[in-house]
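If you count by my numbering, then the sequence shown holds residues 1346 to 1649, one letter each, in order.
Cβ atoms here follow ideal geometry from the backbone N, Cα and C, with glycine treated the same way.
Fair warning: this is a prediction, and the values are worked out from it, not measured in the lab.
Contents: one structure, followed by commentary.
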Amino acid sequence: MVKICTKCKKPAVTYIRYNGTHLCKDHFIQYFEKRVKKDIKKQGKTYTKSKIGVAVSGGKDSLVALYIIHKIFSKRKDIDICAITVDEGIRDYRDKSIDIAKKNTEILAVPHYIVSFEDMIGTDMDKISKKQNELGECSYCGVFRRFCLNKTAKKLELDKLVTGHNLDDMAQSILMNFVKGDIEKLARLGPHKKVQPGLIPRIFPLRIIPEKENALYAVLKNISFHDGVCPYSINAQRGDFRDIVDDLEYKYPGSRHSILSSYEKIKDLLSEKYPPAELENCPICGEPTSQKFCKTCILKKQVL
Ligand code: SF4
């Protein structure tokens, strides 16, 4: 039987389990955009005279983040928007998603910068994967990607860097750090209140939006996206936490929101106990680091 929208008489396109509402296309889009706009304001305080870069992989989350940032800010004359894509060098995966990212940035007429691990690190993920490395692929990939994004964002003189992290990602990260006992890392999860020299502040416009709602928004807005799976993701520890969070959400709807809001409540206390470390410039690459050498330079030694 077709369900009817809780707010009007139109047929519903979705059922939001955690708040018990059925929503039609228009009310879902309204519900989605309202929450995102409110949270963007909360995270960024001011966007006046800003240069905003969006990290775009070509997947649904990053493209929805780009569309929504474009929708909110593109008419403002004091704000410039661009997109950055990092090509990690994963054959038959990233090349396909880059093509889709390109098409979307062309539709929106947003300048698009593509940088690669090969150029910025000196190797790529396919080569790293073939070596017997101490860590799993994702450990190298995550560190190198953050390095490429931050360095490129500084080169482009950006004020803010937007990523497509969604509610599922946030809940998984919070839980993962708790389980590993890495409370210092937990205290440093973005978005950050304090701007650290040399690090471009991050904005997560979709952090309170569940992954499935991002996918639905992309479909309803005709945003084409790449939905392939990275061949190295099978090794990712995150997969276990994804299953745990999915299971919790299924049994207790609203669990993901509760994990994030509980974290938000204790975040200031954590930051007091573990204030952001004083950063020095890495003597090898010049990027900010709290250690003698930055993580990128340490990991590069293992793979080059
Ligand atoms: Fe990189 Fe791992 Fe993500 Fe693949 S799954 S793109 S290796 S972080």
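#1: Assuming Ser1474 and Tyr1577 make a contact with CB atoms under 8 Å, what is their CB distance in whole Å?
#2: By the 10 Å Cβ neighbour count, where 16 or more other Cβ atoms means buried, how is Ala1454 classified, buried or exposed?
#3: Kindly give me the distance between the Cβ atoms of His1510 and Phe1549, rounded to whole angstroms, as I take these residues to be in contact under 8 Å.
#4: Tell me whether Val1409 is buried or exposed, calling it buried when 16 or more other Cβ atoms sit within 10 Å of its Cβ.
#5: Who are the Cβ neighbours of Tyr1619 in its own chain at under 6 Å, not counting the five residues just before and after it?
#6: How would you write the range of the alpha helix (DSSP H) that Ser1518 sits in, first residue to last?
#7: Here's the rule I'm using: 16 or more other beta-carbon atoms within 10 Å means buried, otherwise exposed. How should Pro1555 be labelled?
#8: Is Ser1578 near ligand 1, with its Cβ less than 7 Å from a heavy atom?
#9: Can the beta-carbon of Ala1498 be found closer than 8 Å to that of Ile1429?
#10: When burial is assigned at 16 or more other CB atoms within 10 Å of the CB, is Tyr1608 buried or exposed?
#11: Tell me the rounded alpha-carbon separation between Lys1496 and Thr1359.
#12: Please work out which residues of its chain come closer than 7 Å, Cβ to Cβ, to Arg1650, disregarding the five sequence neighbours upstream and downstream, and give them in chain order.
#13: What span of residues does the alpha helix (DSSP H) with Leu1480 cover, start to end?
#14: When you compare the segment 1634-1646 with the segment 1479-1496, are there three or more beta-carbon pairs, one atom per stretch, that lie closer than 8 Å?
#15: If you count every other CB in all the chains shown that lies within 10 Å of the CB of Gln1375, and 16 or more means buried, which is it?
#16: Ala1560 and Lys1405: beta carbons closer than 8 Å?
#17: Where does the unbroken beta strand (DSSP E) through Asp1432 begin, and where does it stop?
#18: Taking 8 Å as the cut-off, decide whether the C-beta atoms of Leu1503 and Ile1397 are in contact.
#19: Let me make sure I understand the geometry here. Which of Met1470, Lys1472, Val1399, Pro1536 has the alpha-carbon closest to that of Tyr1458?
#20: Run through the segment 1368-1392 for me and flag every whole alpha helix (DSSP H) of 4 or more residues, listed as ranges in chain order.
#21: Mapping DSSP to helix, strand and coil, what is Arg1421?
The answer reads as follows:
#1: By 1-based counting over the sequence shown, the position of residue 1474 is 129. By 1-based counting over the sequence shown, the position of residue 1577 is 232. Yes, they are in contact, since the Cβ atoms of Ser1474 and Tyr1577 sit about 6 Å apart, within 8 Å.
#2: Numbered from its first residue, the sequence shown carries residue 1454 at position 109. Result: exposed.
#3: Residue mapping note: residue 1510 aligns to position 165 of the sequence shown, counting from 1. Residue mapping note: residue 1549 aligns to position 204 of the sequence shown, counting from 1. Going by Cβ atoms, the distance from His1510 to Phe1549 rounds to 5 Å, so yes, they are a contact pair.
#4: Residue 1409 sits at position 64 when you count from the first residue of the sequence shown. Counting Cβ neighbours within 10 Å, Val1409 comes out buried, since at least 16 surround it.
#5: Looking up residue 1619 in the sequence shown gives position 274. Excluding sequence neighbours, Tyr1619 sits near Glu1529, Ala1532.
#6: The residue you call residue 1518 lines up with position 173 of the sequence shown. Counting along the chain, Ser1518 sits inside the alpha helix (DSSP H) bounded by residues 1512-1525.
#7: Taking the sequence shown and counting its residues from 1, the one referred to as residue 1555 is at position 210. Classification for Pro1555: buried.
#8: Translated into positions along the sequence shown, residue 1578 becomes position 233. Correct: Ser1578 has its Cβ closer than 7 Å to ligand 1.
#9: Reading the sequence shown from its first residue, position 153 is the one you call residue 1498. Reading the sequence shown from its first residue, position 84 is the one you call residue 1429. Yes, the Cβ-Cβ distance between Ala1498 and Ile1429 is below 8 Å.
#10: Position 263 of the sequence shown holds residue 1608. Burial state of Tyr1608 is buried, judged by a 10 Å Cβ sphere holding 16 or more other Cβ atoms.
#11: As a first step, residue 1496 must be located in the sequence shown, where it is residue number 151. As a first step, residue 1359 must be located in the sequence shown, where it is residue number 14. Their Cα atoms are separated by approximately 40 Å.
#12: The structure shown does not extend to residue 1650, since the chain is modelled only from 1346 to 1649, so the question has no answer here.
#13: Numbered from 1 along the sequence shown, position 135 holds the residue referred to as residue 1480. Where Leu1480 is concerned, there is no enclosing alpha helix (DSSP H), because DSSP gives it neither an H nor an E.
#14: Verdict: yes, contact present.
#15: As a working mapping, residue 1375 is identified with position 30 in the sequence shown. Burial call: exposed.
#16: On the sequence shown, residue 1560 is found 215 positions in, with the first residue counted as 1. On the sequence shown, residue 1405 is found 60 positions in, with the first residue counted as 1. Contact: yes.
#17: Here residue 1432 refers to the residue found at position 87 when the sequence shown is read from its first residue. Segment 1425-1432, the beta strand (DSSP E) holding Asp1432.
#18: As a working note, residue 1503 is residue 158 in the sequence shown. As a working note, residue 1397 is residue 52 in the sequence shown. Yes, they are a contact pair.
#19: Position 113 of the sequence shown holds residue 1458. For Tyr1458, the closest alpha carbon among the candidates Met1470, Lys1472, Val1399, Pro1536 is that of Val1399.
#20: Qualifying alpha helix (DSSP H) stretches, in chain order: 1370-1389.
#21: Taking the sequence shown and counting its residues from 1, one reaches residue 1421 at position 76. DSSP places Arg1421 in coil when its eight states are reduced to three.
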